[in-house]
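Numbering of the sequence shown is given in the working numbering, commencing with residue 4 and proceeding in unit increments.
Report on the following structure.
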Amino acid sequence: MGFIDLSGSLGRHFGSIGVALNEHATKLSLTVSNERLVTGPSAKRADNCLTLMCKALNVSDKLAVSIESAIPEHVGLGSGTQMSLAIGSALNTFYGLGLTVREIASLMDRGLRSGIGIGVFEQGGLVVDGGRGAKTITPPVLVHLDIPETWRFILVFDQRGQGLHGQQEIEAFKTLPVFPKREAERLCYLLLMQGLPAVAENDLSQFGDVITQLQRSVGEHFAPAQGGIFTSSEVAVAMQWLAEQGAVAMG
């Protein structure tokens, strides 16, 4: 749902908030095999994860991985982190290695900016992480809340393109100006004193207003690199229509 301090102007970099979605999930199974075999959606990505993890753990990759479902790639849903953790956790269980989710994430170089993917993999719900400091390995989860059961999320995709990812995303971060300290302070206050209490008190309108402000602030910061607050002009039109219909938490 967004970052809090992109430049570390308050001492810690990033910090973010996000939620786990039930309808979009990565599910897979792993069994012993005479030869390596990876099948199902996002098989290429899973195969790369399998290679990296087996090498890091020094275990055999003669396994059959069957992917039942995978989160869509490069649309801002953290698909890479979830696939890495799913493969890593399956190997961890299969070989009885006793690793934690965070140890797996570290081996796969996940959580370099956001700790949301790790946090929701561990426990679902709504998660806020504390960003990165000088000694951070993976961003610590500071808050975990259950989302009220009546809340619903609408995902809007532009099938014609993908958001910034990979090396392109890394380069985009390098070209951005310094995120204003005052704005980071404002977002921290909004999240701590308005957004999170709204979740605890089932106040969707208040929560939505905070998320909209956070998303707009970060979107405006990224605008020079992605051509606007949204990466797609069509999505921007859809967001405007949804807002007119009474939707909240836009971004």
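A virtual CB, placed ideally from N, CA and C, is assigned to each residue, including glycine.
Approximately 6 Å separates the beta-carbon atoms of residue 254 and residue 215; this is inside 8 Å, confirming the contact. Between residue 76 and the set 104, 45, 53 and 105, the nearest pair of CA atoms involves 45. Contact between the region 185-199 and the region 111-118 is absent: fewer than three C-beta pairs spanning the two stretches fall below 8 Å.
Where residue 72 is concerned, the enclosing beta strand (DSSP E) starts and stops at 66-72.
Look at residue 115 here: in three-state DSSP terms it is coil, with no helix or strand label.
With 16 or more other CB atoms across the displayed protein chains lying within 10 angstroms of its CB, residue 48 is buried. Annotation for residue 58: the continuous alpha helix (DSSP H) segment containing it runs 46-60.
In this chain, residue 7 is not harboured by any alpha helix (DSSP H); it is covered by the beta strand (DSSP E) spanning 5-8. The beta carbon of residue 207 is closer than 7 Å to those of 154 and 251 in its chain, skipping five residues each way along the sequence.
By the criterion of a C-beta distance shorter than 8 Å, residue 70 is surrounded in its chain by 29, 30, 31, 41, 42, 43, 44, 45, 46 and 49, once the five residues flanking it on both sides are discounted. Between the region 137-146 and the region 81-92 there are fewer than three inter-stretch CB-CB distances shorter than 8 Å, so the stretches are not counted as touching. Listed in chain order, the alpha helix (DSSP H) elements of length 4 or more contained wholly in the region 168-237 are 169-178, 184-193, 199-203 and 207-229. In the three-state DSSP reduction, residue 42 falls in the strand class (E or B). Judged by DSSP secondary structure, residue 130 falls within the beta strand (DSSP E) whose first and last residues are 129-132.
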